[in-house]
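Have a look at the structure below before the remarks.
In full-length UniProt numbering, the protein residues as written are 1 to 121.
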């Protein structure tokens, strides 16, 4: 049985249909244009691309600050956490560290479920 030849042409996308790719030599920039992160307009200036990139980074930093929790900062905004309750050796399931370790175990289980087993291949 002979191998099937692979097609080497790229699929038609919005930016590919323009004929020439503006950032063909800069793969990272071209990917961002193709994914719609950067404007695909040929008239977009470098300053506009920098502005869009800076805005995206600011939005990402704000989202990251909103969603990531620092375990050393108490939720109620108090100046000092209760060290008897909130320390890594605490056996209290409601402590901040108890929640942290439960979440870590859950994350490990989910990772095991989503990772293919090489033995069953």
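Using N, Cα and C, we set each Cβ at its ideal position, and we do this for glycine too.
Proximity of residue i and residue j at Cβ, strictly below 8 Å
i          : j          : result
residue 24 : residue 30 : yes
Spatially closest choice to residue i from the options, by CA coordinates
i           : options        : result
residue 122 : 45, 44, 38     : No answer is possible for residue 122: it lies beyond the span of the chain, which begins at 1 and ends at 121.
residue 41  : 53, 22, 50, 57 : 22
residue 153 : 85, 43, 44     : With the chain running from 1 to 121 in the structure shown, residue 153 is simply not present.
For residue i, three-class secondary structure by DSSP
i           : result
residue 49  : helix
residue 90  : coil
residue 111 : helix
residue 106 : helix
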